[in-house]
Every structure is written in C-alpha cells, then in structure tokens.
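Here is the structure we will look at, set down as structure tokens.
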Amino acid sequence: MKLYSLPLSPFAARVRLAIYRKGLEDKIEILRPPEGGTRGEAYLALNPIGQVPALALDSGLTLAESSVILEYLEDAFPEPSLRPADAEGLARMRLLLKLPDGYFMGAPRILLGMRQPEDRQPQLVAPAMENLHKALSYTEHYIGKGAWAVGDLPTLADCALVPVLNAVNLIAMVHDEPDLLAPHPKLHAYWTQARQEPINARVIAEQLAAVPPIPTGVAA
2 MKLYSLPLSP FAARVRLAIY RKGLEDKIEI LRPPEGGTRG EAYLALNPIG QVPALALDSG
62 LTLAESSVIL EYLEDAFPEP SLRPADAEGL ARMRLLLKLP DGYFMGAPRI LLGMRQPEDR
122 QPQLVAPAME NLHKALSYTE HYIGKGAWAV GDLPTLADCA LVPVLNAVNL IAMVHDEPDL
182 LAPHPKLHAY WTQARQEPIN ARVIAEQLAA VPPIPTGVAA
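Residue numbers (my numbering): 2 to 221.
Written out as structure tokens, the structure is:
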C-alpha cells in the first residue's frame, strides 16, 4: 500500500501518526503526491478530490478522506487497537475526530496564511482567533483529563488532535501569542504531555520541518 501525504497537512499527519503507532511502516509506503502535486493529472487519476491524504490499496482502490483511511486501518489491522473498547469511549473518540474537520481548520488557514506582519488584517485576525477559541472550547469540553484524549490508551482521537494542536502552536508563534491553550486547561495539560510522547513528537517534528521560516521579529 501507498500513502500519499504532505508533511504539514494535519489530515495527512493524523494518518502517519496512526501508521507509526500501529507499526505499519513495513506495509505502507509513505510518499508525496507525484509530479504535478495534488492538482496534477497523475494524482487526480488516483484521487479526483485532489487532496491529501490518499491511501492506495493493493487491490487498486484508492481511499480518500483521513477519517475513512483511519477507520480502514483499524479494520484491516486491528492490533494494536486505536479504538476504545466501550461504546461511550468509541463515541467520544469519533466526536473528537470530527471536531477538527468541522470547526478548526478555517481559522488556522486564515491565521497561518498571514505569516508576514505587513500582511495581517485585524478585521480578519480577530474573528479567526475568536473562532479558533470556540473550536478549542468544544474540544476542551469533550477531551479526557488524562494523558490520552479518551481513556487510558492512545486512540484515533489522539491521531487527530496532536497535528491540529501543533498547528495552534504554530499560530501562537506566528502571531506572537504567549499561549493560545492557556484558557483551556485540559487541552493545555494534554498538549504539554502529548508533545513529549515519542511517536507524537516524531509527527510534530515532521510538520515543523515543513514550515517556512517564521518572519524576523516574531517570537519563537
């Protein structure tokens, strides 16, 4: 199998995180999209949606959408499981998987798109920050209080949240914000631990290595 991925994409990063945590690197080759990128003919022939990630199966089918790919990996390779064993935990996991898709990514695209201080538009930054904190508050409500998002073991919820919270960390650096997670104590505690866990740290490093230099004068 082949996973088409870009290092910075939080949606591709969540799938890489699941692959690493499940020990599937010998079964799934991780590649960038072919020449022409995600809008090139070669990639669109595989994935007409034209986004990453995409998982090309040995059968010839190519799966799109990170949440679909994550569930496929769980079904195809059930051990070690990244799903809670109980119905309530499974529902919470799926909710935490869904929140980044529906509520997070609009604000980061706006805020990370205005990397240069001279490009920042206060009329866009302020509402984007407000929307970001709303999304963080939703996640704060549903996330657990321990080292993992749901229960006592890693789940697909962690695969989704770690790359997104890394994007929030990047926003804080770019916009010289001291700590965007401070108003959200459970998330703050979660991120403090999660970023140090070795497999999480590997994906975080992959994302950070793909970030263009932060503008001069912006706090790191």
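The C-beta atom is built at its ideal place from N, Cα and C for all residues, glycine as well.
Judging by CA-CA distance, which residue of the options is the nearest neighbour of residue i?
i: E66; options: L137, L4, F105 and V169; result: L4
i: H185; options: L157, L74, H134 and S10; result: H134
i: L58; options: I29, P79, Q52 and R84; result: I29
i: P101; options: A173, V169, Y21 and E42; result: V169
i: A210; options: L182, A92, N167 and R95; result: N167
i: A77; options: P34, R196 and G24; result: G24
i: L112; options: P54, L171, E198 and K146; result: L171
i: S68; options: A158, H142 and Q124; result: A158
i: F105; options: L181, N132, E42 and C160; result: N132
May I ask you to report which of helix, strand or coil DSSP gives residue i?
i: L157; result: helix
i: F12; result: helix
i: E207; result: helix
i: A86; result: coil
i: A183; result: coil
i: K28; result: coil
i: L58; result: coil
i: L7; result: coil
i: A173; result: helix
i: A148; result: coil
i: G38; result: helix
Look at the alpha carbon of residue i and the alpha carbon of residue j, and state the distance between them as a whole number of angstroms.
i: D153; j: G37; result: 43 Å
i: T217; j: S82; result: Confidence at T217 is low in this model, with a pLDDT of 46, below 50, so the placement of that residue is unreliable and no value is reported for it.
i: T1; j: V126; result: Outside the shown range of the chain, which is 2 to 221, sits residue 1, and nothing can be said about it.
i: K187; j: P79; result: 29 Å
i: Q194; j: K99; result: 22 Å
i: D27; j: I20; result: 10 Å
i: R93; j: S60; result: 32 Å
i: P179; j: W192; result: 15 Å
i: H176; j: P213; result: 15 Å
i: A202; j: G145; result: 20 Å
i: H189; j: A136; result: 14 Å
i: G147; j: A46; result: 43 Å
i: C160; j: L62; result: 24 Å
i: Q52; j: A183; result: 32 Å
i: P123; j: G103; result: 24 Å
My guess is that residue i and residue j are in contact by the Cβ rule of under 8 Å, so how many angstroms apart are they, rounded?
i: R150; j: L71; result: Rather than Arg, the amino acid found at residue 150 in this sequence is Ala. With 8 Å as the limit, A150 and L71 do not qualify as a contact, their Cβ atoms being about 14 Å apart.
i: A14; j: V204; result: 5 Å
i: R22; j: I200; result: 5 Å
i: Y73; j: L56; result: 7 Å
i: P164; j: P11; result: 4 Å
i: I7; j: R33; result: Note that residue 7 is Leu in the sequence shown here, rather than Ile. 6 Å between Cβ atoms; contact.
i: P54; j: V16; result: 5 Å
i: L18; j: Q208; result: No, L18 and Q208 are not in contact; Cβ-Cβ is about 10 Å, not under 8 Å.
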